[in-house]
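All letters in the sequence shown, in the order written, are residues 1 to 318 by UniProt numbering.
Here is the structure we will look at, set down as structure tokens.
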Amino acid sequence: MRLPVPLLAVSLLAACATDAPPAPSAGAAPQRPYTLADLHIPPTAMEREPRETAGPRPSRAQTRSWVGQANEAALDLPTLTCFKGKSCEYWYQPDLQYLVYMAEGNQTLVCLKPGEVVRDIVAPGAQVWIPHQPYSFGKGAQRTECIAFMPRRAGLNQQISLFTSERKYDLNVETHRQVHHVEVRWRYPEDYLATLNGQVTVRPAAVESDRRDRTTELAYRDRRCTYALDGDTPEWRPVPTPDGQPPVCDDGEVTVINFTPGALGAYGAPILWRIGADGTRIPVQYGRMNATYRVAGIHDHLLLAIGAQEVHIRRTRP
Numbered sequence: 001m002r003l004p005v006p007l008l009a010v011s012l013l014a015a016c017a018t019d020a021p022p023a024p025s026a027g028a029a030p031q032r033p034y035t036l037a038d039l040h041i042p043p044t045a046m047e048r049e050p051r052e053t054a055g056p057r058p059s060r061a062q063t064r065s066w067v068g069q070a071n072e073a074a075l076d077l078p079t080l081t082c083f084k085g086k087s088c089e090y091w092y093q094p095d096l097q098y099l100v101y102m103a104e105g106n107q108t109l110v111c112l113k114p115g116e117v118v119r120d121i122v123a124p125g126a127q128v129w130i131p132h133q134p135y136s137f138g139k140g141a142q143r144t145e146c147i148a149f150m151p152r153r154a155g156l157n158q159q160i161s162l163f164t165s166e167r168k169y170d171l172n173v174e175t176h177r178q179v180h181h182v183e184v185r186w187r188y189p190e191d192y193l194a195t196l197n198g199q200v201t202v203r204p205a206a207v208e209s210d211r212r213d214r215t216t217e218l219a220y221r222d223r224r225c226t227y228a229l230d231g232d233t234p235e236w237r238p239v240p241t242p243d244g245q246p247p248v249c250d251d252g253e254v255t256v257i258n259f260t261p262g263a264l265g266a267y268g269a270p271i272l273w274r275i276g277a278d279g280t281r282i283p284v285q286y287g288r289m290n291a292t293y294r295v296a297g298i299h300d301h302l303l304l305a306i307g308a309q310e311v312h313i314r315r316t317r318p
């Protein structure tokens, strides 16, 4: 018996609606996760060239040549594909140094990964660089720190190292009269891979009792910041941290004094004294870690001094 065409169509549609989609075959392979090779990060010269085989003891001239070749091979150069508007974005790799052009009397911004804080800047002194200052924009996890560099003259080739709460950046800086990078940033392979593989990179929220200042590593629950500063206002005067911690705090065992990143290298590191009850200066045990001083013990009166410039640190209450 022949069914009318409309009735036949309805029957076929009903069958399509009730039949379940076919199950994937047991032999179907899952999609391969993306790896670093899929990002097509340009290899360095050292990665492209075959490694030399070990030979007899080299001469010093040979080793000097090798060091120079290795430094040049590890130098990441800007390419047309690195630019995103005015910003040059390098792929971050911990073993590389990055070529950055800066111009005499003009500024270049070097911006970190959102959420990173700069702990110290190792650069030539203030006689070569107009004092660099960190700036920031954004809030919370998206807060981004940028450091403004401005050379005093052209014709320099020097290394600047940035130490942050997460990693180290090595910049190979060339200064010119006009040509300069307006802004330098980085692309982070782990973030790109997480996005391509559908993974959400969310840092676990710190337990309130375990939260720490990202610059000094002092635990919020242990720190006491009952200190006042007075005296001169030199460039190396202690300052609050990016997380808002006051310039001087202690955890009951160690007193931490925080400075502007790079200030101790640019202007000199002040000598620290403990002031006795009779006003005498007494040597005190302390060490430098990045842009902080860490002083053993708790003290009522400390003094930072370079020449005639003095900054007093007084504990206001126990």
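Cβ atoms here follow ideal geometry from the backbone N, Cα and C, with glycine treated the same way.
DSSP on residue i, reduced to helix/strand/coil?
i, result
"asparagine 106", "coil"
"arginine 237", "coil"
"valine 67", "helix"
"proline 131", "strand"
"glutamine 142", "helix"
"cysteine 82", "helix"
"tyrosine 101", "strand"
"glutamine 285", "coil"
"glutamine 62", "helix"
"arginine 119", "strand"
"alanine 74", "coil"
"aspartate 170", "strand"
"aspartate 251", "coil"
With burial defined as no fewer than 16 other Cβ atoms inside 10 Å of the residue's Cβ, what is the status of residue i: buried or exposed?
i, result
"valine 311", "buried"
"threonine 316", "exposed"
"alanine 66", "For the record, residue 66 in the displayed sequence is tryptophan; it is not alanine. Flag for tryptophan 66 reads exposed."
"arginine 153", "exposed"
"valine 248", "buried"
"leucine 304", "buried"
"histidine 40", "exposed"
"phenylalanine 259", "buried"
"aspartate 191", "exposed"
"proline 33", "exposed"
"glutamine 97", "buried"
"leucine 36", "exposed"
"valine 173", "buried"
"glutamate 116", "buried"
"residue 321", "There is no way to answer for residue 321, as the model of the chain reaches only from 1 to 318."
Return the CA-CA distance between residue i and residue j, expressed in angstroms with no decimal places.
i, j, result
"glycine 72", "glutamine 158", "Here residue 72 is glutamate; the residue named in the question, glycine, does not match the sequence. So the alpha carbons of these two residues sit roughly 13 Å apart."
"alanine 61", "tyrosine 169", "29 Å"
"leucine 99", "glycine 231", "41 Å"
"serine 87", "proline 238", "32 Å"
"glutamine 285", "isoleucine 298", "11 Å"
"leucine 193", "arginine 185", "18 Å"
"threonine 81", "glutamate 104", "26 Å"
"aspartate 213", "asparagine 197", "32 Å"
"leucine 272", "cysteine 146", "30 Å"
"threonine 241", "histidine 176", "33 Å"
"serine 264", "threonine 79", "Sequence check: residue 264 is leucine here, not serine. Leucine 264 and threonine 79: Cα-Cα distance of roughly 34 Å."
"leucine 162", "arginine 274", "31 Å"
"alanine 277", "glutamate 166", "42 Å"
"aspartate 243", "threonine 215", "8 Å"
"tyrosine 188", "proline 151", "28 Å"
"glycine 268", "isoleucine 306", "8 Å"
"methionine 289", "glutamate 217", "11 Å"
"cysteine 111", "threonine 255", "30 Å"
"threonine 144", "threonine 108", "16 Å"
How is the alpha helix (DSSP H) around residue i delimited, first residue to last?
i, result
"proline 33", "Looking at the DSSP string, proline 33 is not in any alpha helix (DSSP H), and its letter there is neither H nor E."
"threonine 195", "189 to 196"
"alanine 263", "263 to 267"
Report the partner residues of residue i according to the DSSP bridge assignment.
i, result
"alanine 228", "Arg314"
"isoleucine 147", "Val110 and Pro134"
"alanine 305", "Ile271 and Glu310"
"histidine 176", "Ala103"
"glutamine 159", "Asn172"
"arginine 212", "Ala219"
I need the boundaries of the beta strand (DSSP E) containing residue i, first residue and last residue.
i, result
"leucine 218", "Counting along the chain, leucine 218 falls outside any beta strand (DSSP E), and DSSP gives it neither H nor E."
"alanine 296", "292 to 296"
"serine 165", "Unbroken run through serine 165: none, as it is neither H nor E."
"tyrosine 90", "87 to 91"
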